[in-house]
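Numbering-wise (the numbering used here), the sequence shown opens with residue 6 and increments by one. Every residue, glycine too, gets a C-beta built ideally from N, C-alpha and C.
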Amino acid sequence: MSVPQNTIAIIYDYDQTLSPNYMQEEVIFPHFGIDGKQFWKRCGELVQKHGYEHELAYMKALLDYLEMDRPTNAKLRQLGAKLSFFPGIPEMFTEFEGKLNDVADTMGWSAAHGIKLEHYIVSSGLKELISGSRIAPHVRKIFGCEYAEDDEGRITFPKRVISHTQKTQFLFRINKGMLDLSQDVNDHVPPEMRPIPFQNMIYVGDGPTDVPCFTVMKQTGGRAIAVYNPADETRVSFQKCYQLTAHADRVRHIAPADYRPGSHLRLLLEEMVTEIADNIIERRRNDLEAATVRAPKH
Ligand SMILES: [Mg+2]
């Protein structure tokens, strides 16, 4: 038995990949009057002096800063509505759908093969903020750090933490179709039963924190793109990407984070999706041929 394996997944990091800003700085600090510099300094101390993981450090610092003002998760979702993105987001999601249908019509794909494109986000930022943003309706699943709530409904303790090394777990969840986090991602699923093979995946990230995901893509036949912010005058953003491709050989493609039609990134994404779709069709033809018992010749 096998599953169709005709879904293509684009998986995005969030901060600096879909958005030029850090989500905490963009919507949480201004709302609660937190001094960003002090906040990140406190996080640095927690990491360096007290041995905290980076993500736990920012989650603790936020709880410490807010104390009695701790918001509900619903409030975080509300703040997420103010998040902004690189050019072309979120329009790309709907345009892509249209484009995919156009290409599908010309090439005779989707009707016959049911090829679908899905978008996922795997972030070390706060899931609730992204869930309240304008991109959420276009995304099949958002994975991110989460807080539990106390009896009054206020955020109280980290419920889920996704550090950059743990991000790869979510690629396997997407691969195995285990989107429900109560499922054990280590359970064995035979390759032919996995709904989205790695060859059907494209990972988009921005820097060293995405290296574990880039590596999984490279080892499994997936595709990856590192993006940089072309408006970053310090060039740090570009240099992070350049290092990944020029010296470390982590990722083959880099592009400015501009998702508008005709941009380098958009061309790469469209070409990759087309290529994956062609491969899906090719595989299905081969499977069909292998499964067809030829009628005896007269
Ligand atoms: Mg990032």
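Q) Is any heavy atom of ligand 1 found at a distance shorter than 6 Å from the C-beta of residue 22? A) yes
Q: Could you tell me if residue 180 is buried or exposed, where buried requires 16 or more neighbouring beta carbons within 10 angstroms of its beta carbon?
A: buried
Q. Is residue 192 near ligand 1, going by C-beta to nearest heavy atom under 6 Å?
A. no
Q) Considering residue 127, what are the terminal residues of the alpha helix (DSSP H) in which it resides? A) Element bounds for residue 127: not the alpha helix (DSSP H) but the beta strand (DSSP E), 121-131.
Q: Could you tell me which uninterrupted alpha helix (DSSP H) segments, each at least 4 residues in length, are contained entirely in the segment 158-223, listed from first to last along the chain?
A: 172-181
Q) Quick one: what's got a C-beta closer than 7 Å to residue 191's C-beta in the same chain, skipping five residues either side? A) none
Q) Among the residues of its own chain, which have a CB less than 6 Å from the CB of residue 295, if the five just before and after it don't count? A) none
Q) Just to check, is the beta-carbon of residue 74 closer than 6 Å to a non-hydrogen atom of ligand 1? A) no
(Q) At a threshold of 6 Å, does residue 18 count as lining ligand 1 (C-beta to nearest heavy atom)? (A) yes
Q: Report back the beta-carbon spacing between residue 225 and residue 243 to the nearest angstrom; my notes put them in contact at under 8 Å.
A: About 27 Å; that fails the 8 Å criterion.
Q.
Extract the residue ranges of the alpha helix (DSSP H) inside the segment 234-290, only unbroken runs of 4 or more that lie entirely within it.
A. 241-247
Q | residue 153, enclosing beta strand (DSSP E) - first and last residue | A | 146-154
Q.
So, for residue 153: in the same chain, excluding its five sequence neighbours on each side, which residues have a beta-carbon less than 8 Å away from its beta-carbon?
A. 160, 161, 162, 163, 164
Q.
Three Cβ pairs or more, each shorter than 8 Å: is that satisfied between the segment 117-136 and the segment 163-177?
A. yes
Q) Say the cut is 6 Å; is the CB of residue 155 nearer than that to a heavy atom of ligand 1? A) no
Q. Cβ of residue 237 versus every heavy atom of ligand 1: is any distance shorter than 6 Å?
A. no
Q | Minimum C-alpha distance to residue 11 - residue among 88, 150, 255, 200 | A | 200
Q: For residue 214, I'd like the list of residues in its chain whose CB is within less than 6 Å of its CB, leaving aside the five on either flank, ordered along the chain.
A: 169
Q | Inter-residue Cα distance where the pair is residue 195 and residue 8 | A | 11 Å
Q. Is it the case that the CB of residue 69 approaches a heavy atom of ligand 3 more closely than 6 Å?
A. With respect to ligand 3, the structure shown offers nothing to examine, as its ligands consist of ligand 1.
Q: With a 10 Å radius around its C-beta and 16 neighbouring C-beta atoms as the bar for buried, classify residue 55 as buried or exposed.
A: exposed
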